[in-house]
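A short write-up of the structure that comes next.
Number of protein chains: 2
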Amino acid sequence: MTVVCLDLEGVLVPEIWISFAEETGIEELRRTTRDEPDYHKLMRYRMDILRREGLGLKDIQATIARIKPLDGAKEFLDKLRELTQVIILSDTFEEFAKPLMKQLGWPTIFSNSLKIGDDGMLEDIIMRQEEGKMKAIEALSSIGFRTFAAGDSYNDLRMIRKADAGCLFRSPVNILEENPDLKIFNTYDDFLSFIKENLK
Amino acid sequence: MTVVCLDLEGVLVPEIWISFAEETGIEELRRTTRDEPDYHKLMRYRMDILRREGLGLKDIQATIARIKPLDGAKEFLDKLRELTQVIILSDTFEEFAKPLMKQLGWPTIFSNSLKIGDDGMLEDIIMRQEEGKMKAIEALSSIGFRTFAAGDSYNDLRMIRKADAGCLFRSPVNILEENPDLKIFNTYDDFLSFIKENLK
Numbered sequence: 001m002t003v004v005c006l007d008l009e010g011v012l013v014p015e016i017w018i019s020f021a022e023e024t025g026i027e028e029l030r031r032t033t034r035d036e037p038d039y040h041k042l043m044r045y046r047m048d049i050l051r052r053e054g055l056g057l058k059d060i061q062a063t064i065a066r067i068k069p070l071d072g073a074k075e076f077l078d079k080l081r082e083l084t085q086v087i088i089l090s091d092t093f094e095e096f097a098k099p100l101m102k103q104l105g106w107p108t109i110f111s112n113s114l115k116i117g118d119d120g121m122l123e124d125i126i127m128r129q130e131e132g133k134m135k136a137i138e139a140l141s142s143i144g145f146r147t148f149a150a151g152d153s154y155n156d157l158r159m160i161r162k163a164d165a166g167c168l169f170r171s172p173v174n175i176l177e178e179n180p181d182l183k184i185f186n187t188y189d190d191f192l193s194f195i196k197e198n199l200k
Numbered sequence: 201m202t203v204v205c206l207d208l209e210g211v212l213v214p215e216i217w218i219s220f221a222e223e224t225g226i227e228e229l230r231r232t233t234r235d236e237p238d239y240h241k242l243m244r245y246r247m248d249i250l251r252r253e254g255l256g257l258k259d260i261q262a263t264i265a266r267i268k269p270l271d272g273a274k275e276f277l278d279k280l281r282e283l284t285q286v287i288i289l290s291d292t293f294e295e296f297a298k299p300l301m302k303q304l305g306w307p308t309i310f311s312n313s314l315k316i317g318d319d320g321m322l323e324d325i326i327m328r329q330e331e332g333k334m335k336a337i338e339a340l341s342s343i344g345f346r347t348f349a350a351g352d353s354y355n356d357l358r359m360i361r362k363a364d365a366g367c368l369f370r371s372p373v374n375i376l377e378e379n380p381d382l383k384i385f386n387t388y389d390d391f392l393s394f395i396k397e398n399l400k
């Protein structure tokens, strides 16, 4: 039995914070871990902006609901879920992912979560665990699953290498150059064909 | 973050082998672990009958596709999947579960699987691991999830007791009497309310 573990942002949906900045027009929210490597500091910065703008969880979710999955992502995921078990492993927050999961037909997602205040504002982030993606692969492996993992970013590499099989999907060129042994696919058709080969 | 783990047969769908015996009219397939406690011996008996009847995996899946989820099960599961992560933990085989998973909207299921011969006949069973339900709870707990588990049968008790919270659903009276400390629910509305209380 195989379980296929997929990164969310960049693989099935656009980068949520970038799309959110575009939807709201709040340019400051384009700041990413490339600009601020301390994730907790970055999230504090983002949460302060959201509070200043009066954007609570419900407003954020309504905005995220206008973000669409990547073209062809739903069809790809539907086909994959008919073939094997699929779990999305993401560093995002389940409250942010929810409007996108709805559009994708409620696949299972292992992510982090948010602490929401009585006023509906974001108060803090709750990380399920450090290295959550890789640890999930280890846990699934420990209960007898053959694991396949795919993603596009630095935070996906350890999960991909820990899994029994895996690949990159639409990664930027620097990740490709630093990981020449990993296969990369750029269309859902090629990606699905490669996964199918690995299910045999 | 909570993950809700549900047994399949008796909770969301009817007992598959009983329904299969009814659909096909093959009375011998009503034999269960109550008649033959050795599961591997029972499955060998069932596989021999299926081969004698010329029923390969595709025929079996076509028959199972005519079995419907329990009344209200899909609606219950849809509501639950909007609230939290859900994984079905079942001792059945993924190939048998598939036509039912399709009707339930492809929830994630951790189950066992079958070895299918070149002629399409069932050759053997492949258990993912012993005590698979309980071990899955342990694995999900190890990666930072709060776990909730529910089922109706003897093979669900260890999973329910291992989880952070749980209950019985439509259990037979002997299981109730032997486990007076466990709550039991008989309608999806009451069941969902109890799970919601445990998500807070």
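In order, the protein sequences belong to chains E and F.
With the first letter of the first sequence counted as 1, position 172 gets the number 172 in my numbering; the numbers rise by one all the way through.
With the first letter of the second sequence counted as 1, position 31 gets the number 231 in my numbering; the numbers rise by one all the way through.
Using N, Cα and C, we set each Cβ at its ideal position, and we do this for glycine too.
CB contact below 8 Å: Met243/F versus chain E: Here residue 243/F is taken as the residue at index 43 of the second sequence, counted from 1. No, Met243/F lies away from the interface with chain E (no Cβ there is under 8 Å from its Cβ).
Using the Cα positions of Ile216/F and Ile160/E, report the straight-line distance between them to the nearest angstrom. Position 16 of the second sequence, counting from 1, holds the residue named residue 216/F. Position 160 of the first sequence, counting from 1, holds the residue named residue 160/E. Their backbone Cα atoms lie some 36 Å apart in a straight line.
Less than 8 Å between CB atoms is the rule here; does Ile60/E satisfy it with respect to chain A? Absent from the structure is chain A; the protein chains it does hold are E and F.
Beta-carbon contacts of Met327/F that lie in its chain and below 6 Å, excluding the five residues immediately before and after: Along the second sequence, one-based indexing puts residue 327/F at 127. Closer than 6 Å at Cβ, skipping near neighbours: Asn312.
Proximity winner among Gly317/F, Pro299/F, Gly305/F, relative to Ile287/F (alpha-carbon distances): Translated into the one-based positions of the second sequence, residue 287/F becomes position 87. Nearest of Gly317/F, Pro299/F, Gly305/F to Ile287/F, Cα basis: Gly305/F.
Which one of Phe145/E, Gly25/E, Ser19/E, Phe191/E has the shortest CA to CA distance from Ala73/E? The residue labelled residue 73/E in the question sits at position 73 within the first sequence. The shortest C-alpha separation from Ala73/E is found at Phe191/E.
If Leu206/F and Leu270/F are in contact, beta carbons under 8 Å, what's the gap, nearest whole angstrom? Here residue 206/F is taken as the residue at index 6 of the second sequence, counted from 1. Here residue 270/F is taken as the residue at index 70 of the second sequence, counted from 1. About 12 Å; that fails the 8 Å criterion.
Quick one: is Gly132/E near chain F, going by C-beta distance under 8 Å? Taking the first residue of the first sequence as position 1, residue 132/E is located at position 132. Yes, Gly132/E lies at the interface with chain F (some Cβ there is under 8 Å from its Cβ).
Of all the options Leu57/E, Ile18/E, Phe96/E, which has the alpha carbon lying nearest to the alpha carbon of Asp119/E? In the first sequence, residue 119/E corresponds to position 119, counting from 1. Out of Leu57/E, Ile18/E, Phe96/E, Leu57/E has the C-alpha closest to the C-alpha of Asp119/E.
Which residues does DSSP list as the beta-bridge partners of Asp124/E? The residue given as residue 124/E occupies position 124 in the first sequence. Per DSSP, Lys115/E.
Residue-level contact to chain F via CB, Arg158/E, 8 Å cutoff: Along the first sequence, one-based indexing puts residue 158/E at 158. No, Arg158/E lies away from the interface with chain F (no Cβ there is under 8 Å from its Cβ).
How about the stretch 128-148 of chain E and the stretch 88-100 of chain E: do they share at least three Cβ pairs that are nearer than 8 Å? yes
Find the nearest neighbour of Glu378/F within the set Ala365/F, Asp364/F, Asp352/F, Lys362/F, judged by alpha-carbon distance. For the purposes of this step, residue 378/F is identified with residue 178 of the second sequence, where counting begins at 1. When only C-alpha atoms are compared, the closest one is Asp352/F.
Same chain, Cβ closer than 8 Å to His40/E, five either side skipped, listed in chain order: One-based indexing of the first sequence puts residue 40/E at position 40. Here the set comprises Ile125.
Could you tell me which of Thr84/E, Asp78/E, Lys102/E sits nearest to Arg146/E, measuring between CA atoms? Position 146 of the first sequence, counted from the first residue, corresponds to residue 146/E. Checked all of Thr84/E, Asp78/E, Lys102/E; the closest Cα to Arg146/E is Thr84/E.
Tell me whether Leu250/F is buried or exposed, calling it buried when 16 or more other Cβ atoms sit within 10 Å of its Cβ. Here residue 250/F is taken as the residue at index 50 of the second sequence, counted from 1. By the neighbour-count rule (16 or more Cβ atoms within 10 Å), Leu250/F is buried.
Within-8 Å CB hit, Arg328/F to chain E: Here residue 328/F is taken as the residue at index 128 of the second sequence, counted from 1. It does: the Cβ of Arg328/F has a partner Cβ on chain E nearer than 8 Å.
Within this structure, are the beta carbons of Ala149/E and Leu168/E separated by less than 8 Å? In the first sequence, the residue the question calls residue 149/E occupies position 149. In the first sequence, the residue the question calls residue 168/E occupies position 168. The answer is no: Cβ separation not under 8 Å.
Using DSSP with H/G/I as helix, E/B as strand and the rest coil, what is Asp291/F? Taking the first residue of the second sequence as 1, we reach residue 291/F at position 91. Reduced to three states, the DSSP call for Asp291/F is strand.
What's the call for Ala62/E, buried or exposed, on a 16-neighbour Cβ count within 10 Å? Within the first sequence, numbered from 1, the residue matching residue 62/E stands at position 62. Classification of Ala62/E: exposed, given that the 10 Å Cβ count is below 16.
By the criterion of Cβ-Cβ separation under 8 Å, what are the contact partners of Thr292/F in chain E? Start at 1 with the first residue of the second sequence, and residue 292/F comes out as number 92. The contacting residues do not exist; Thr292/F stays about 12 Å from chain E at best.
At 7 Å on the CB atoms, spell out the chain F contacts of Ala136/E, in chain order. Here residue 136/E corresponds to residue number 136 of the first sequence, with the count starting at 1. Neighbours of Ala136/E on chain F, chain order: Ile343.
Starting from the Cα of Glu209/F, find the closest Cα among Phe296/F, Ala336/F, Ala363/F and give me that residue. If you number the second sequence from 1, residue 209/F lands on position 9. Ranking the options by Cα distance to Glu209/F, first place goes to Phe296/F.
is_contact[Trp217/F, chain E] using C-beta, thresh 8 Å: As a first step, residue 217/F must be located in the second sequence, where it is residue number 17. It does not: the Cβ of Trp217/F has no partner Cβ on chain E nearer than 8 Å.
Thr108/E CB to nearest chain F CB: under 8 Å? The count along the first sequence starts at 1 and reaches residue 108/E at position 108. Thr108/E counts as touching chain F.
Close beta carbons around Leu322/F, own chain, < 7 Å, minus the five adjacent residues each side: Counting from 1 along the second sequence, the entry for residue 322/F is found at position 122. Cβ within range, chain order: Met247, Leu250, Leu257, Leu314, Ile316.
Looking at C-alpha atoms only, which residue of Glu36/E, Asn198/E, Ile60/E is the closest neighbour of Ala21/E? By one-based count along the first sequence, residue 21/E stands at place 21. Of the candidates Glu36/E, Asn198/E, Ile60/E, the one whose C-alpha sits nearest the C-alpha of Ala21/E is Ile60/E.
Alpha-carbon to alpha-carbon, Ile67/E and Ser19/E: As a first step, residue 19/E must be located in the first sequence, where it is residue number 19. As a first step, residue 67/E must be located in the first sequence, where it is residue number 67. When rounded, the distance between both Cα atoms is 7 Å.
Between the beta-carbon of Thr24/E and the beta-carbon of Leu199/E, is there less than 8 Å? Numbered from 1 along the first sequence, position 24 holds the residue referred to as residue 24/E. Numbered from 1 along the first sequence, position 199 holds the residue referred to as residue 199/E. In this structure, Leu199/E does not lie closer than 8 Å to Thr24/E by Cβ.
Cutting at 7 Å between CB atoms, please list the residues of its own chain near Ile264/F, excluding the five before and the five after it. Within the second sequence, residue 264/F is the residue found at index 64, counting from 1. Closer than 7 Å at Cβ, skipping near neighbours: Ile216, Phe220, Phe296, Pro299, Leu300.
Assuming Pro107/E and Leu77/E form a contact by the criterion Cβ under 8 Å, report the distance between their Cβ atoms to the nearest whole angstrom. Here residue 107/E corresponds to residue number 107 of the first sequence, with the count starting at 1. Here residue 77/E corresponds to residue number 77 of the first sequence, with the count starting at 1. That pair is a contact at about 6 Å.
Exposed unless 16 or more other CB atoms sit within 10 angstroms - verdict on Val373/F: The count along the second sequence starts at 1 and reaches residue 373/F at position 173. The residue is exposed, with fewer than 16 neighbouring Cβ atoms inside 10 Å.
At the 8 Å Cβ level, is Gly254/F part of the contact set with chain E, yes or no? Along the second sequence, one-based indexing puts residue 254/F at 54. Not an interface residue.
Please identify, using Cβ separations under 9 Å, the residues of the stretch 57-87 of chain E that lie next to chain F, in order along the chain. Asp78, Arg81, Glu82, Thr84, Gln85, Val86, Ile87
Partners in chain E for Gly305/F, counting only beta-carbon separations shorter than 8 Å: Within the second sequence, the letter at position 105 stands for residue 305/F. Within 8 Å Cβ-Cβ: Gly105, Trp106.
When the Cα of Glu401/F is compared with those of Arg170/E, Ala163/E, Glu94/E, Arg81/E, which residue comes out closest? Look at the range of chain F in this structure, 201 to 400, and you will see that residue 401/F is not part of it.
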